[in-house]
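Undergrad: There's a structure below that I have some questions on.
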Amino acid sequence: MAVLLVACDGGGRGGTGPLPISASVSLGPTEFALLRGSAISGRVQFPAADASGAQYLVVAQFATAVHDVEASVQLTSGAAPTASVVAGSPAFSLTQLPTGAAERFHELLRRKERGLRRAPAESRQAPPAPAAPPVVGSQRTFKVCGNLQCSTLANVPATAMYVGSHAAIFLDDSVPPDGFTQADLDDMGAVFDATLYPIDVAAFGAESDIDANGVVIILLTRKVNALVPKPECATSFVTGYFFGADLAPGIAPSYNNGEVFYGFVPDPTGQVACDFSRDLVRALLPVTFVHEFQHMISFNQHFLVRNGDAEVLWLNEALSHLAEELVGLHYDSLGQTATAQPYLRGNFYNAFQYLRDPNATVMVSDSPPGSLASRGGGWLFARYLADRFGPTAIRSMVTTNRVGAANVAFVTGTDFSDLLGRWALAVYVTDLPSFTAPDTLRYETWSFREAFAALNAQTPSVFTRPYPLVPASGNPSATVSGVVMSGSGVYAVLTQPSGGVAFDLSFRTASGGALPSNAAGQLAIVRIR
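Be aware that the sequence shown starts at 557, since it is given in the numbering used here, and climbs by one per residue.
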């Protein structure tokens, strides 16, 4: 267990006695500090407040690039007992939503891709001769994951129903009745060709074309519906996926040997699994397309073009959720608010799950299962990077053989722990009332308090707070406890009244020992008043 102690000056405790002062903080309003290493090896001292008082946001975080570090943490006082707010109280529940089958499946595929072997340079094959795209009405049998482990492959005969400039849509020959019309398929194909494809390619780079047919194949099949049977599909189901084995040298011929991603189909009467209406499937599939296409582009750029490893799970998913948002922003810029909503609402839902319990969610992970909250945190971090470093930086994170934290740090030219600390502060202070955040701690694209307040007004049963991130608050004797994982942190707002006495903080294990060396323990602090 790790402990973050807040005590009156001279009263801090670590183990059996007070720790020495390891750093002193003197911040003016809007100034911030990121402290780690020797600076937090003892007590961090804050000065007494002047007549105006002072207020600080403190985030005690594991700002590590190491995946899946986890420990219990506590923010407590070494002073005489006073009123306190504990993070585990109902207002600050640490309960995570259960991870659904869809999240487990997608993250399993990303892990399988990370295990694929790169081809030796001397064994790489020359590009095949250009082939003609499929034609409408042509038939082909595909190999599709037969279960959530993709340990078996099912043969799916399908027919080409749409062929455009960038996409060919094949439809499973055995789809349930009352499904897509030809107009549905034409419309989805046209959306991919005219909007989704150019947005993804501009943002992330080009896909491969190992089969040299000039198009990405989208297979819509009941086998995707069947991946999650009843009753679990009532709460989590797979809408579609991409799997790099279709492209990996040496094994691609055992799969589909080309650029393919997969989508579910309407099943109004629930013949295969749960009942999915045509309207629901039509609304969700384009979002799935743009998300999975980023994965396809990323696999090409990292694995095929540069013979590197596939991108790690947390960053790969963060960028795919950013891809969804980019399409939503495109439609919103055209005044097509209703069309934009499906591309945006999922990210806001996931972000809400993250922000209501940020310390209970692993941010930096390459291990399934993940969670919607982890995806929400990943999108928030990717959006922060896009706002601070621009679209060229985002594209550079994909068109590289670097992965994970090293990739982000190289592209931004900024220490990864610094980025995590600044971002952790930014999600709270960007549009904090009566506070002007410095540029480094700002989002530019979104006013999240305004956006979440609108969602809370529209759907209070889902977005249950006007703003999901509610730090524990009190005077410098407040107590907060919880779990911190890689990339996440415990939030607290500490207030000194007019003339308030000095205080200090220490971030330690529960027994008073040093934090785990791989946690990169950090105190991110900004003075907000």
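C-beta: ideal position from N, C-alpha, C; glycine also.
#1: Using the Cα positions of S645 and M1041, report the straight-line distance between them to the nearest angstrom.
#2: Between T697 and A993, how many whole angstroms is the CB-CB distance? I'm expecting something under 8 Å.
#3: Pick out whichever of F855, S707 and R944 has its Cα sitting closest to the Cα of V959.
#4: To the nearest angstrom, how far is the alpha carbon of L941 from that of M919?
#5: If I follow the unbroken alpha helix (DSSP H) through P853, where does it start and stop?
#6: Roughly how many angstroms lie between the CA atoms of G566 and A962, to the nearest whole one?
#7: What are the boundary residues of the alpha helix (DSSP H) that includes Y811?
#8: Figure out for me which residue from P574, L575 and L583 has the closest Cα to the Cα of I1084.
#9: For the stretch 687-730, which segments carrying the beta strand (DSSP E) assignment without a break, of at least 3 residues, lie completely within its bounds, in sequence order?
#10: Using the Cα positions of D743 and Y811, report the straight-line distance between them to the nearest angstrom.
#11: Under a three-way DSSP split, which group does L869 fall into?
#12: Can you give me the C-alpha to C-alpha distance between F661 and A604, rounded to a whole angstrom?
#13: Per DSSP, what kind of secondary structure is E880 in: helix, strand or coil?
#14: Whole angstroms are fine: how far does the CA of R951 sit from the CA of T986?
#15: Just curious, the alpha helix (DSSP H) that F904 is in, first and last residue?
#16: Which term fits E1000, buried or exposed, when burial requires 16 or more other beta carbons within 10 angstroms of its beta carbon?
#17: For K699 and A949, what's the separation of their Cα atoms in angstroms?
#18: Would you call the stretch 590-598 and the stretch 878-898 in contact, with 3 or more CB pairs under 8 Å?
#19: With 16 other CB atoms within 10 Å as the buried threshold, where does G688 fall?
#20: Could you tell me the boundaries of the beta strand (DSSP E) in which T984 lies?
#21: Whose C-beta lies closer than 6 Å to the C-beta of R834 among residues of the same chain, with five residues either side of it excluded?
#22: Using the DSSP secondary-structure output, state which residues sit across from V1049 in a beta bridge.
#23: Assuming V600 contacts S1062 under a Cβ cut-off of 8 Å, what Cβ separation, rounded to an integer in Å, is found between them?
#24: Measure the beta-carbon distance from T795 to F820 and round it to whole angstroms, keeping in mind my assumption that it falls under 8 Å.
#25: Is S923 near the ligand COA, with its Cβ less than 7 Å from a heavy atom?
#26: By the 10 Å Cβ neighbour count, where 16 or more other Cβ atoms means buried, how is T708 classified, buried or exposed?
#27: What is the DSSP secondary structure of V641, counted as helix, strand or coil?
#28: Give the C-beta separation of R670 and D865 to the nearest angstrom, bearing in mind that I take them to be a contact with Cβ-Cβ under 8 Å.
#29: Measure the CB-CB distance between A1094 and G1045 and report whether it falls below 8 Å.
#30: Leaving aside the five residues before and after A1076 along the sequence, list all residues of the same chain whose C-beta is less than 8 Å from its C-beta, in chain order.
#31: Quick one, are the C-beta atoms of F832 and N781 less than 8 Å apart?
#32: Let's see if you can read the secondary structure: which residues bound the beta strand (DSSP E) around I1081?
#33: Taking its Cβ as the centre, do 16 or more other Cβ atoms sit within 10 Å of D734, making it buried, or is it exposed?
#34: My guess is that G933 and Y910 are in contact by the Cβ rule of under 8 Å, so how many angstroms apart are they, rounded?
#35: Between the Cα of A907 and the Cα atoms of E788, Y984, G806 and A579, which residue gives the shortest distance?
#36: If you follow the alpha helix (DSSP H) that Y797 is in, where does it begin and where does it stop?
TA: In this structure, then:
#1: The predicted position of S645 is uncertain, since its pLDDT is 28 and thus under 50; a value taken from the coordinates is nonetheless stated next. Cα to Cα, the separation comes out at about 19 Å.
#2: Not really, about 56 Å apart at Cβ, beyond 8 Å.
#3: F855
#4: If I take the Cα positions, the gap works out to 15 Å.
#5: The displayed chain sequence assigns Ile, not Pro, to residue 853. Here the alpha helix (DSSP H) through I853 covers R834 to F855.
#6: Unreliable placement is indicated for G566, whose pLDDT of 43 sits below 50; the coordinate value is still reported in the next sentence. Those two C-alpha atoms are separated by around 40 Å.
#7: Segment: none, Y811 is in no alpha helix (DSSP H) and carries neither H nor E.
#8: L583
#9: 695-701, 709-719 and 723-728
#10: 28 Å
#11: helix
#12: Within the model, the alpha-carbon separation for F661 versus A604 is close to 53 Å.
#13: helix
#14: 25 Å
#15: T893 to R912
#16: exposed
#17: Cα to Cα, the separation comes out at about 36 Å.
#18: no
#19: Residue 688 is actually Ala in this sequence, not Gly. Exposed.
#20: The sequence as given places Tyr at residue 984; Thr does not occur at that position. It is not in any beta strand (DSSP E) - Y984 instead sits in the alpha helix (DSSP H) that spans F972 to V985.
#21: P822
#22: DSSP output for V1049 lists L613 and S1029 as bridge partner(s).
#23: 7 Å
#24: 5 Å
#25: The ligand COA is not part of the structure shown, which contains no ligands of any sort.
#26: exposed
#27: Confidence at V641 is low in this model, with a pLDDT of 30, below 50, so the placement of that residue is unreliable and no value is reported for it.
#28: Right, the Cβ-Cβ distance comes to about 6 Å (below 8 Å), so this counts as a contact.
#29: What is shown of the chain runs 557 to 1085, which leaves residue 1094 out entirely.
#30: By the criterion of a C-beta distance shorter than 8 Å, A1076 is surrounded in its chain by R592, F618, A619, T620, A621, V622 and S973, once the five residues flanking it on both sides are discounted.
#31: Going by C-beta atoms, F832 is nearer than 8 Å to N781.
#32: Segment G1077 to R1083, the beta strand (DSSP E) holding I1081.
#33: exposed
#34: The pair is a contact, with the Cβ atoms about 4 Å apart (cut-off 8 Å).
#35: If we check each option's Cα against that of A907, Y984 comes out closest.
#36: Premise fails: Y797 lies in the beta strand (DSSP E), G796 to F798, not in any alpha helix (DSSP H).
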